[in-house]
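Structure, as structure tokens:
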Amino acid sequence: SVMAMAEFWYGVAYVSAQLAADGHDSALFGVEGEAAANAALDSFEDALRVFRAASDNDSQVERSRDYAETLLGYGKVILCFFDPCDAREVERPLEVSLRMHEDLLGRLHPRTCHARELCRHL
23 SVMAMAEFWY GVAYVSAQLA ADGHDSALFG VEGEAAANAA LDSFEDALRV FRAASDNDSQ
83 VERSRDYAET LLGYGKVILC FFDPCDAREV ERPLEVSLRM HEDLLGRLHP RTCHARELCR
143 HL
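Numbering of the sequence shown is given in my numbering, commencing with residue 23 and proceeding in unit increments.
This is the structure we're talking about:
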């Protein structure tokens, strides 16, 4: 799935950044961290477009946990590797994701707490 690819590329970018910070060769799978971060951003944006296309047929799609998780991942990539102004698909994705997680899962759910923790870094 597009979401799985996005998470994969985020992981590659994150590990690459950690390796670079420790003074090691940062290329993983032959891919530099910046390219992996861009691939993650593109994949999350593709996933958000898929949700929007599906929401034309089902008004509940953009209120689903999967959509909230996609927003969380998208926001996480932007937070870690880009400027917040680079959020082309959804403005303030982490805050939107946090509100959705609270509505869908409750304030104390672990995924909601994770979203809240990421928002603290903004």
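Note that CB positions come from ideal geometry on N, CA and C, so glycine has one too.
Specify whether the segment 56 to 67 and the segment 24 to 40 touch according to this definition: at least 3 beta carbon pairs, one from each stretch, less than 8 Å apart. yes
Beta-carbon within less than 6 Å of Ser-48's beta-carbon, same chain only, minus the 5 sequence neighbours each way: which residues are those? In the sequence shown, residue 48 corresponds to position 26, counting from 1. These residues qualify, in order along the chain: Ser-38, Leu-41, Ala-42 and Gly-55.
Which residues does DSSP pair with Leu-50 in a beta bridge? Stepping through the sequence shown from its first residue, residue 50 is reached at position 28. Answer is Val-53.
What does a CB cutoff of less than 6 Å around His-123 pick up in its chain, not counting 5 residues either side in sequence? Walking along the sequence shown from the start, residue 123 turns up at place 101. So the qualifying residues of the chain are Ala-90, Arg-133, Thr-134 and Ala-137.
Measure the Cβ-Cβ separation of Val-72 and Leu-93 and say whether it is below 7 Å. Counting from 1 along the sequence shown, the entry for residue 72 is found at position 50. Counting from 1 along the sequence shown, the entry for residue 93 is found at position 71. Cβ atoms of Val-72 and Leu-93: not closer than 7 Å.
Where does Phe-103 fall in DSSP's three states? Counted from its first residue, the sequence shown places residue 103 at position 81. Phe-103: helix per DSSP, three-state reduction.
Excluding sequence positions up to five away, which residues of its chain have a Cβ less than 6 Å from the Cβ of Ala-59? On the sequence shown, residue 59 is found 37 positions in, with the first residue counted as 1. For Ala-59, where only same-chain residues beyond five positions count, the Cβ hits under 6 Å are Ala-35 and Phe-103.
Could you give the distance in angstroms between the alpha-carbon of Leu-127 and the alpha-carbon of Arg-121? What you label residue 127 is simply residue 105 of the sequence shown in a count that begins at 1. What you label residue 121 is simply residue 99 of the sequence shown in a count that begins at 1. Straight through space, the alpha carbons of Arg-121 and Leu-127 are spaced by roughly 10 Å.
Have a look at Asp-44, Trp-31 and Arg-142 and flag the residue whose alpha-carbon is nearest the alpha-carbon of Gly-52. Here residue 52 corresponds to residue number 30 of the sequence shown, with the count starting at 1. Checked all of Asp-44, Trp-31 and Arg-142; the closest Cα to Gly-52 is Trp-31.
Looking at Cys-141: is its Cβ nearer than 7 Å to the Cβ of Leu-101? Translated into the one-based positions of the sequence shown, residue 141 becomes position 119. Translated into the one-based positions of the sequence shown, residue 101 becomes position 79. In this structure, Cys-141 sits away from Leu-101, with a CB-CB distance that is not shorter than 7 Å.
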